[in-house]
Amino acid sequence: MHLQLDGRGPVHAQLTRALKSAVFAGRLGQGARLPATRQLARELGVSRNTVLAAYEQLRAEGFVEGRVGSGSYVTPPLRGPRPAPAGEAPLPPQSAFARRARRYHDHANMPGRAIPGVRYAFQYGVPMANPALTTAWARELARAAAYTSPGYPATQGLPALREAVCDYLARRRGVVAAPEDVFVVAGTQQAVALTARVLLDPGDEVALEEPHYSSLRELLLIHGAQVRAVPVDADGLRCDALPQPAPKLVCVTPSHQFPSGALMSLSRRLALLDYARRHDCWVLEDDYDGEFRYDGRPLDALRSLDEHGRVIYVGTFSKALFPALRLGYLVVPAGLRRDFLNAKWQDDFASPAIEQAALARFIAEGGFERHLRRAARTLRERRAALLDGLRRCGERRLRIADSRAGMHLVAWLEGRSAAEGEAFIAHARGLGLGLYSIAPYYLESPDRAGLLLGFASLSAAEIREAVRLLQRCLDETG
């Protein structure tokens, strides 16, 4: 049969979309038998595991049903997406920025999103639910609304919040900064966007860790940067692999590498800072969840070692509190203050004042750090439940990359290719378990199956049940 692959993403995902289109278009009608996996693999010039992964995904989503000893058949008629009425069809992008955005970002298929229809999901990037925090936050918001000026807030952020951030960073992250260095922003995404606008021109080179946060990569590519991947090992970014000539910017997550969990060693940190000094380039430090460590106090940030003003530090409250807050902060070298002020003013004039005032009081009165201590205790319990369950699955089937920090860890499915990993994830979904692949976080994905397992949004009891389903998947898929 004729199938047109669109060239976007992994081949098994392209094949899944092509088969869905054939069903919607009526080329594969109700009851039609799909080609045998070996036959279709030969016709398309792909591996049989790729076809198996696509078929398993279609079965998990209800497009086809498998009949033992017979094959896979299209289920009863499905209605495809409604054609856009006249006037609603998307216009061609009008700028180079818009064209790059269409090329590099698919908003409907962002990795890490909630998986519908599953009982348990190891979703990462989602902080733990805390009813006490919700109550306390509602109280702070009501109080702040009564005394916050209704006028436009300062573009750089409310002075009270910037002072509270400086005090917190000095005590918890070893960063000494003045309130004039701090910019309140709408989370990490805006922090990176402002950094790109201030430092980069289209065509400038940026070095990223490999693997890395995919939204960071997409944002930089949309801005027009050229991205170079630098490998990460157990000691963090391999500074000996940094490119020559040097890029304009190096982006790192030294305190808890995302997603591998590696901690950048002191020698690597010093080497990176020396590289930035010698080559006159900048370092963006994303300290997205540096508050949570399980083998001692949190390590000081890379910025605390910076004696030459090369590090731009990014912190966020989304992971420590909740994503709906949409508040984070930048700490910038003094020489860049004016440029970041101009960029922030141009982007949104200022961040919302009432939320800033509420957060400033919450931090100053100790509520934020009390919450962190309670959250760390709960997360430690959930992490222990997950590790215990994964170890019971057996070292020959799972290799755990435990980071001893943050709210997720990585587990590799031993002896399975990337395509087999996608089929495994689809099989798990059919059993009511939501799993996430590590593949989207590589510029060049390795041909091995890895899982990114978030543990913050599940209770310890739920984690134990979820791991039982994971073990069942391992048993059933051999």
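The sequence shown begins at 663 in our numbering and counts up one residue at a time. Cβ atoms here follow ideal geometry from the backbone N, Cα and C, with glycine treated the same way.
Proximity below 8 Å, CB of residue i to CB of residue j
i, j, result
"Val846", "Gly819", "yes"
"Val892", "Ala908", "no"
"Trp1074", "Arg1061", "yes"
"Ala1005", "Leu856", "yes"
"Ala1019", "Thr810", "yes"
"Ala1063", "Leu1071", "yes"
"Thr817", "Leu983", "no"
"Asp951", "Gly1068", "yes"
"Pro921", "Tyr782", "no"
"Asp843", "Ala996", "yes"
"Ala722", "Gly1092", "yes"
"Arg890", "Glu871", "no"
"Val837", "Ser966", "yes"
"Ile1100", "Leu1113", "yes"
"Arg775", "Tyr956", "no"
"Tyr1098", "Tyr786", "yes"
"Ala826", "Ala680", "no"
"Arg930", "Leu899", "yes"
"Ala716", "Ser709", "no"
"Lys981", "Cys943", "no"
"Phe784", "Leu1136", "no"
"Pro678", "Leu714", "First, the residue type needs correcting, since residue 678 is Thr and not Pro in the sequence shown. Taking 8 Å as the Cβ cut-off, Thr678 and Leu714 do not qualify as a contacting pair."
"Leu862", "Arg762", "no"
"Leu934", "Val945", "yes"
"Gly1056", "Val1129", "no"
"Gly1094", "Val780", "yes"
Whole-number beta carbon distance between residue j and residue i, since they are thought to touch under 8 Å
i, j, result
"Tyr937", "Cys913", "Incorrect: roughly 14 Å between the Cβ atoms, too far for contact."
"Asp897", "Ser927", "4 Å"
"Glu947", "Val976", "7 Å"
"Gly691", "Val736", "7 Å"
"Ala848", "Leu989", "7 Å"
"Gly1029", "Ala794", "At roughly 10 Å, the Cβ-Cβ gap does not stay under 8 Å, so Gly1029 and Ala794 are not in contact."
"Ala1022", "Leu823", "4 Å"
Buried or exposed (CB count within 10 angstroms, at least 16 for buried), residue i
i, result
"Leu964", "buried"
"Asn771", "exposed"
"Pro747", "The predicted position of Pro747 is uncertain, since its pLDDT is 49 and thus under 50; a value taken from the coordinates is nonetheless stated next. Its Cβ having fewer than 16 others within 10 Å, Pro747 is exposed."
"Gly1096", "buried"
"His1089", "buried"
"Glu1084", "buried"
"Gln756", "exposed"
"Pro745", "Model confidence at Pro745 stands at a pLDDT of 48, short of 50, so the residue's coordinates are unreliable; what they give is reported in the following sentence. Label assigned to Pro745: exposed."
"Thr796", "exposed"
"Trp1007", "exposed"
"Glu1082", "buried"
"Ala1123", "exposed"
"His885", "buried"
"Asp968", "buried"
"Gln701", "exposed"
"Arg670", "exposed"
"Asp668", "exposed"
"Gln919", "buried"
Among the options, the one whose alpha carbon lies nearest that of residue i
i, options, result
"Ser1121", "Ala1047, His1089 and Gly787", "Ala1047"
"Arg764", "Leu881, Arg972, Ser1099 and Arg1059", "Leu881"
"Ser683", "Arg1000, Met790, Leu665 and Glu1027", "Leu665"
"Ala694", "Thr797, Ala1123, Asp962 and Ser732", "Ser732"
"Phe759", "Trp799, Asp1109 and Pro864", "Pro864"
"Phe979", "Leu934, Leu831 and Leu870", "Leu831"
"Leu696", "Glu718, Val993 and Asp1109", "Glu718"
"Ala1037", "Arg930, Val1129, Phe1117 and Leu925", "Phe1117"
"Arg729", "Val673, Ala698, Leu998 and Arg972", "Ala698"
"Thr1040", "Ile1025, Leu1052 and Ser1119", "Ser1119"
"Val994", "Ile974, Ile1025, Pro841 and Trp1007", "Ile974"
"Leu1131", "Arg1110, Glu1106, Phe1086 and Pro672", "Phe1086"
"Gln852", "Cys828, Leu878 and Ala840", "Leu878"
"Ala858", "Leu992, Leu1034 and Arg1023", "Leu992"
"Ile1016", "Ala808, Arg670, Gly787 and Arg700", "Ala808"
"Pro1108", "Cys1135, Leu720 and Arg1078", "Arg1078"
"Thr915", "Asp962, Asp942, Arg939 and Leu883", "Asp962"
"Arg1000", "Val860, Asp968 and Pro672", "Val860"
Closer than 7 Å: residue i CB and nearest the ligand SAM heavy atom
i, result
"Gly724", "The ligand content of the structure shown is nil, which means the ligand SAM is not present either."
key: Complete beta strand (DSSP E) runs within the stretch 892-924 (minimum length 3 residues, chain order)   = With a minimum length of 3 residues, the unbroken runs of beta strand (DSSP E) contained wholly in the stretch 892-924 fall at 911-914.
ask   = What beta strand (DSSP E) runs, 3 residues minimum, are completely inside the stretch 1085-1128?
value = Taking 3 residues as the shortest admissible run, the stretch 1085-1128 contains the following complete beta strand (DSSP E) segments, listed from N- to C-terminal end: 1111-1116.
query = Of all the beta strand (DSSP E) runs that stay within the bounds of the stretch 975-1038, which reach a length of 3 or more residues?
reply = Segments of the beta strand (DSSP E) lying fully in the stretch 975-1038: 990-993.
message = Threshold first: 3 residues or longer. Then list the beta strand (DSSP E) segments lying entirely within the stretch 669-750, N to C.
response = Correct list: 726-729 and 733-736.
task = Return the chain-ordered ranges of every alpha helix (DSSP H) run that is complete within the stretch 741-807 and spans a minimum of 4 residues.
result = Qualifying alpha helix (DSSP H) stretches, in chain order: 758-766.
key: Those runs of the alpha helix (DSSP H) which lie wholly inside the stretch 817-856 and span at least 4 residues   = Counting only runs of 4 or more, we get 821-834.
request  = Mind listing, in chain order, the continuous beta strand (DSSP E) runs of no fewer than 3 residues lying wholly within the stretch 1041-1075?
outcome  = 1060-1063 and 1070-1075, all fully within the stretch 1041-1075.
task = Could you name each continuous alpha helix (DSSP H) segment of 4 residues or more that falls completely within the stretch 861-897, going from the start of the chain to the end?
result = Runs found: 876-885.
key: Whole runs of the beta strand (DSSP E) within the stretch 931-969, excluding any shorter than 3 residues   = For the stretch 931-969, the continuous beta strand (DSSP E) assignments of 3+ residues that do not extend past its boundaries occur at 944-948, in sequence order.
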